[in-house]
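Enquirer:
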Amino acid sequence: MKKKFMQFALLLLAAALLLPAGAGAAGAPMNANVRIGITYGSSAVPGANLLNEVGSGYRLGYFDADLNFIQLGWTAETGISIVKTQNVWYGPLPGSTLKGYSDAITSDVAVGCYHIQLPTAYVSFDEALAAAGSVPGGFPAWVDGVYYVRAGAYLSAEAANAAMAGMEGATLAGTSSYAVSVVKTGTGTILFQFDGGAALSLGVKPGLDDGVKTVTWYALNKYYGAFRYQRLSGGNLTVVSIVDREDYINCVISREMSSGWPLEALKAQAVSARSYAANKAGRHTADGFDLCATTHCQVYYGCGSVAADTAQAAAETAGEYIWCNGDVVETYYFSSDGGATESAKNVWGGDTPYAVGVADPWEATVADKISAYNWTVTYTKAELEEKLRSSGRNCRELVDFQVSEFTPTGNVRAITFTDNTGKSWTISGGENCKFFLGLNSVRYTVSGGGGSYYVNEDGGVLGSVNGAYAVDGDGNKAQVSGTPYVITATGTEELAPAGTTGDTFTITGSGNGHNVGMSQWGAYAMAKAGKTYREILNFYYTGIEIKQ
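With my numbering applied, the sequence shown covers 125 to 672.
(1) For Leu143, which residues from the same chain have a beta carbon less than 7 Å from its beta carbon, with the 5 sequence-adjacent residues on both sides left out?
(2) Suppose you measure from the CA of Gly637 to the CA of Ser383; what does that come to, to the nearest Å?
(3) Round the Cβ separation of Leu175 and Thr202 to the nearest angstrom and send it over; I've been treating them as touching at under 8 Å.
(4) So is Pro264 buried or exposed if we call it buried at 16+ other beta carbons inside 10 Å?
(5) Under the three-state reduction of DSSP, which class applies to Tyr425: helix, strand or coil?
(6) Return yes when the Cβ of Lys493 is within less than 9 Å of the Cβ of Trp341, no when it is not.
(7) In terms of residues, what are the limits of the alpha helix (DSSP H) holding Ser106?
(8) Does Gln393 come out as helix, strand or coil in the three-state DSSP assignment?
(9) Where Val452 and Gly641 are concerned, what is the direct C-alpha to C-alpha distance, given to the nearest angstrom?
(10) Against chain B, does Asn360 count as a neighbour if the rule is that its beta carbon must be under 9 Å from one of theirs?
(11) Between Val328, Leu324 and Asp484, which lies nearest to Ser357 when the distance is taken from Cα to Cα?
(12) Mind checking which residues open and close the alpha helix (DSSP H) that includes Cys375?
(13) Where does Asn173 sit, in a helix, a strand or coil, going by DSSP?
(14) Helix, strand or coil for Asn556 per DSSP?
(15) Assign Val336 to one of two classes, buried (16 or more other C-beta atoms within 10 Å of its C-beta) or exposed (fewer than that).
(16) Roughly how many whole angstroms lie between the Cα atoms of Ser429 and Lys547?
(17) Within the same chain, show all residues whose beta-carbon is closer than 7 Å to that of Glu648, passing over the 5 residues directly before and after it, in chain order.
(18) Flag this pair as touching only if the stretch 231-250 and the stretch 272-291 have three or more C-beta atom pairs under 8 Å; answer yes or no.
(19) Tell me, which residues are paired with Leu522 by DSSP?
(20) Taking Cβ positions, are Arg355 and Ala303 nearer each other than 9 Å?
(21) By Cβ distance, which residues of its chain are closer than 6 Å to Leu217, with the 5 residues on each side in sequence left out?
(22) Buried or exposed, going by whether 16 or more other CB atoms sit within 10 Å of the CB of Ile194?
(23) Val271: which of Asp411, Ser248, Asn535 and Val259 sits nearest, CA to CA?
(24) Bridge partners of Phe629, per DSSP?
(25) Could you check the C-alpha separation between Ile668 and Ile660 for me, to the nearest Å?
(26) Roughly how many whole angstroms lie between the Cα atoms of Tyr568 and Thr630?
(27) Taking DSSP as the reference, what is the three-state secondary structure of Phe458?
(28) Taking the straight line between their C-alpha atoms, what separation do you get for Leu563 and Tyr445?
(29) Measure the beta-carbon distance from Val471 to Val566 and round it to whole angstroms, keeping in mind my assumption that it falls under 8 Å.
(30) Smallest Cα separation from Val259: which of Ala294, Gly450 and Lys346?
(31) Report the rounded CA-to-CA distance for Leu332 versus Leu184, giving the unit in angstroms.
(32) Under the rule that 16 or more other beta-carbon atoms within 10 Å means buried, what is Gly584, buried or exposed?
(33) Assign Arg517 to one of three DSSP states: helix, strand, or coil.
(34) For Leu136, collect the residues of the same chain with a Cβ closer than 6 Å to its Cβ; drop the 5 residues on either side in sequence, then sort them by chain order.
(35) If you pair each beta-carbon of the stretch 503-516 with each one of the stretch 476-491, do three or more pairs fall below 8 Å?
(36) What are the start and end residues of the alpha helix (DSSP H) that includes Asn157?
Laid out in structure tokens, this is it:
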């Protein structure tokens with residue numbers, strides 16, 4: 125009866141753990157702790173090493189649905205590794221000079237997945253640990269809520285059975301495809317084994333003293349907080365950083381900006397990053413966490429770059445979010461706008477009332493500090509023709525390429541290509557244009573290609589007659605088509621199609637990013653000019669409130 129009740133409780137807990145911590149209405153403030161995926165998907169690993177930097181030892185257990193840590197065991201070792209319970213070996217990792225555990229190498233140091241299990245079950249870790257000390261190679265194992273003593277880490281069942289000869293009541297033990305082992309790094313010595321099935325994943329909380337703010341090395345970066353190791357579908361380890369919300373924001377600020385920037389700019393970044401994280405929480409629920417550590421979400425490589433000013437920026441804005449129409453908003457930000465931000469609808473489409481383009485006079489005051497603020501890209505006709513063809517557009521000989529539509533703030537909304545058959549292709553949306561051409565931003569102009577047309581005597585120039593209209597001698601207006609002719613002093617002359625007298629197009633632009641929301645360099649410039657973080661945020665985001 126006790127066994128059945130335990131299984132039922134685990135099923136209920138498994139169902140709860142499918143929900144993201146703090147799950148609720150979209151745009152709700154963040155939970156006190158957040159789950160950030162560090163390695164997952166194709167980057168999931170057979171083994172993951174941890175090393176204490178600040179603090180000593182580790183507590184072992186799992187996190188419940190509210191990210192409360194439930195301790196099951198501990199170790200005083202300062203360097204441990206978590207490995208999947210399949211045969212793995214320790215040595216230089218494939219394609220790297222770093223050492224770790226992998227199933228893609230072999231060496232003299234192995235952690236096998238076959239064990240000898242003693243018959244007695246225990247109710248506590250300390251009891252199991254004491255009993256394990258009397259058995260060569262013994263270690264505590266927590267399996268579906270019960271502690272056992274297991275011994276050895278054999279590469280085959282045959283080896284385990286041979287070692288088990290004469291051990292009364294012992295059995296051959298394997299694990300589920302969700303289990304993990306904690307080993308002393310660089311050895312085949314198992315310290316603890318965890319098997320909670322699909323319902324639970326191992327949590328590791330560095331440090332044995334809650335009075336110490338721990339710092340721990342993982343994958344060449346240092347992290348605050350704890351870690352979780354999940355084997356989705358029985359595969360390699362998904363490694364998740366479980367970290368205090370404000371520590372996470374401190375870490376993000378230090379990577380998205382730089383310590384040493386004006387404090388008010390860092391505070392603006394803190395509120396933007398906190399709001400973005402809250403709005404996008406649960407984005408990676410299917411992967412087992414809230415947000416990833418890359419630019420797909422926000423850059424997070426731990427605490428190696430934090431400083432007193434980034435911590436101050438997080439602390440002085442703690443719990444503050446950007447709200448619009450009753451929700452915490454998706455606060456887009458980027459490096460530099462080149463002179464004007466852009467409305468989200470002109471870049472990605474849709475109606476985003478708080479992301480409206482504005483002319484930005486601030487960046488120009490610090491342009492000399494911004495790397496590659498002004499830039500040029502040159503394409504030959506042949507290169508553009510190949511881009512069009514590879515994207516499924518059957519372009520013949522390209523005769524014209526131009527920005528066919530600018531936004532009210534002077535950024536690009538659409539570009540148009542025309543070939544010598546008169547066929548045209550228009551790409552709309554600033555970000556679509558930017559990615560098609562491989563550019564730094566959505567703020568640029570196009571020149572070159574030869575064949576410009578002067579309009580009357582007012583100095584206006586057309587890069588193409590495509591879409592142009594002419595008025596004849598009777599005052600009738602008609603759209604120009606085919607090859608245009610003009611009447612000159614010497615008679616009627618045919619004009620060469622635009623672009624046929626030159627072989628290259630030059631794109632001249634400024635800024636770096638999608639131009640939607642807050643310019644980070646603009647925030648820097650505004651802070652240098654004495655503006656507060658609230659003034660910065662209200663300049664770049666429209667119709668917002670900043671509150672807890």
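Every residue, glycine too, gets a C-beta built ideally from N, C-alpha and C.
Expert: Result, derived from the coordinates:
(1) Start at 1 with the first residue of the sequence shown, and residue 143 comes out as number 19. Caution is warranted here: a pLDDT of 36 is assigned to Leu143, below 50, making its placement in the model unreliable, and no coordinate value can be reported.
(2) Position 513 of the sequence shown, counted from the first residue, corresponds to residue 637. Position 259 of the sequence shown, counted from the first residue, corresponds to residue 383. Their backbone Cα atoms lie some 21 Å apart in a straight line.
(3) If you number the sequence shown from 1, residue 175 lands on position 51. If you number the sequence shown from 1, residue 202 lands on position 78. Their Cβ separation, rounded to whole angstroms, is 7 Å, which keeps Leu175 and Thr202 in contact under 8 Å.
(4) As a working note, residue 264 is residue 140 in the sequence shown. By the neighbour-count rule (16 or more Cβ atoms within 10 Å), Pro264 is buried.
(5) Locating residue 425 in the sequence shown gives position 301, where the first residue counts as 1. Coil.
(6) Locating residue 341 in the sequence shown gives position 217, counting from the first residue. Locating residue 493 in the sequence shown gives position 369, counting from the first residue. No, these two residues do not count as a Cβ contact at 9 Å.
(7) Residue 106 lies beyond the range of the chain shown here (125 to 672); nothing can be said about it.
(8) Counting from one through the sequence shown, the residue named residue 393 turns up at place 269. Three-state DSSP puts Gln393 in a helix.
(9) In the sequence shown, the residue the question calls residue 452 occupies position 328. In the sequence shown, the residue the question calls residue 641 occupies position 517. Cα to Cα, Val452 sits roughly 14 Å from Gly641.
(10) Here there is only one protein chain, and chain B is not present.
(11) The residue you call residue 357 lines up with position 233 of the sequence shown. The candidate whose alpha carbon is nearest that of Ser357 is Leu324.
(12) Along the sequence shown, read from residue 1 onward, the residue named residue 375 stands at position 251. It spans Arg369 to Glu380 - the alpha helix (DSSP H) in which Cys375 sits, taken as one unbroken run.
(13) As a working mapping, residue 173 is identified with position 49 in the sequence shown. Strand.
(14) Position 432 of the sequence shown holds residue 556. Note: Asn556 maps to helix in three-state DSSP.
(15) Within the sequence shown, numbered from 1, the residue matching residue 336 stands at position 212. It is exposed - the Cβ of Val336 has fewer than 16 other Cβ atoms within 10 Å.
(16) The sequence position of residue 429 within the sequence shown is 305, counting from 1. The sequence position of residue 547 within the sequence shown is 423, counting from 1. Rounded to the nearest angstrom, the two C-alpha atoms are 53 Å apart.
(17) Here residue 648 refers to the residue found at position 524 when the sequence shown is read from its first residue. First, the amino acid is wrong: residue 648 is Tyr here, not Glu. Hits under 7 Å: Trp385, Pro386, Ala389 and Val490.
(18) yes
(19) The residue you call residue 522 lines up with position 398 of the sequence shown. According to DSSP, Leu522 bridges with Asp543.
(20) Taking the sequence shown and counting its residues from 1, one reaches residue 355 at position 231. Taking the sequence shown and counting its residues from 1, one reaches residue 303 at position 179. Yes.
(21) Counting from one through the sequence shown, the residue named residue 217 turns up at place 93. Closer than 6 Å at Cβ, skipping near neighbours: Gly224 and Ser226.
(22) Sequence index remark: in the sequence shown, residue 194 carries index 70 (1-based). Per the 10 Å Cβ criterion, exposed.
(23) Sequence index remark: in the sequence shown, residue 271 carries index 147 (1-based). This sequence places Tyr at residue 271; Val is not what is there. Among Asp411, Ser248, Asn535 and Val259, the Cα nearest to that of Tyr271 is on Ser248.
(24) Position 505 of the sequence shown, counted from the first residue, corresponds to residue 629. Phe629 pairs with Tyr503 and Gly572.
(25) As a first step, residue 668 is located in the sequence shown; it is residue number 544 there, counting from the start. As a first step, residue 660 is located in the sequence shown; it is residue number 536 there, counting from the start. Straight-line Cα distance between these residues: approximately 12 Å.
(26) Indexing the sequence shown from 1 puts residue 568 at position 444. Indexing the sequence shown from 1 puts residue 630 at position 506. Distance between the alpha carbons of Tyr568 and Thr630: 10 Å.
(27) Here residue 458 refers to the residue found at position 334 when the sequence shown is read from its first residue. In this structure, Phe458 counts as strand in the three-state DSSP scheme.
(28) Taking the sequence shown and counting its residues from 1, the one referred to as residue 563 is at position 439. Taking the sequence shown and counting its residues from 1, the one referred to as residue 445 is at position 321. Rounded to whole angstroms, Leu563 to Tyr445 spans 32 Å at the Cα level.
(29) Your numbering for residue 471 matches position 347 in the sequence shown. Your numbering for residue 566 matches position 442 in the sequence shown. Yes, Val471 and Val566 are in contact; Cβ-Cβ is about 6 Å, under 8 Å.
(30) On the sequence shown, position 135 is the one that residue 259 refers to. Comparing Cα-Cα distances from Val259 to each of Ala294, Gly450 and Lys346, the minimum goes to Ala294.
(31) Mapped onto the sequence shown, residue 332 falls at position 208. Mapped onto the sequence shown, residue 184 falls at position 60. Each residue's Cα considered, the two are about 10 Å apart.
(32) As a working mapping, residue 584 is identified with position 460 in the sequence shown. Any reading at Gly584 needs caution, since the residue's pLDDT is 47, under 50, leaving its predicted position unreliable; the model's value is listed next. Label assigned to Gly584: exposed.
(33) Within the sequence shown, the letter at position 393 stands for residue 517. It is coil, neither helix nor strand.
(34) Numbered from 1 along the sequence shown, position 12 holds the residue referred to as residue 136. With a pLDDT of 34 at Leu136, under the threshold of 50, the predicted position of this residue should be treated as unreliable, and no value is reported.
(35) no
(36) As a first step, residue 157 is located in the sequence shown; it is residue number 33 there, counting from the start. Run containing Asn157: none in the alpha helix (DSSP H); it sits in the beta strand (DSSP E), Asn157 to Thr163.
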